[in-house]
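*Asks:* Numbered according to our numbering, the sequence shown spans residues 96 to 164.
Think of the CB as a built atom: it goes at the ideal place given N, C-alpha and C, for glycine as much as any other residue.
Remember, it's a predicted structure, so these values are computed and weren't measured experimentally.
There's a structure below that I have some questions on.
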Amino acid sequence: MSSTERDVDHALAYPEPPASSLWHRHGGATARPLTDAQKRRNRELLDIAQRTTRPRSPRPTETLAEAHS
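Dropping the structure here:
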């Protein structure tokens, strides 16, 4: 099976650019590690978010031109 030009994902064609220098922390503030309770809560929320679907607003059946006439 040969790969054609259309099969290539161009978003992955180049390496990710380096992080912005603005993102680096300056000073003595270091991130605090999460507690086991926080990790457990994050896993539960992630699991719920991945299982539930967000409701989509229904599309109108009439076009804008029909609605304004």
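Over what stretch of residues does the alpha helix (DSSP H) that includes residue 139 continue unbroken?
*Replies:* Counting along the chain, the alpha helix (DSSP H) containing residue 139 begins and ends at 131–146.
*Asks:* Does DSSP classify residue 116 as helix, strand or coil?
*Replies:* Of the three classes helix, strand and coil, the one that applies to residue 116 here is helix, per DSSP.
*Asks:* From residue 114 to residue 126, what does the alpha carbon distance come to, in whole angstroms?
*Replies:* Cα to Cα, the separation comes out at about 18 Å.
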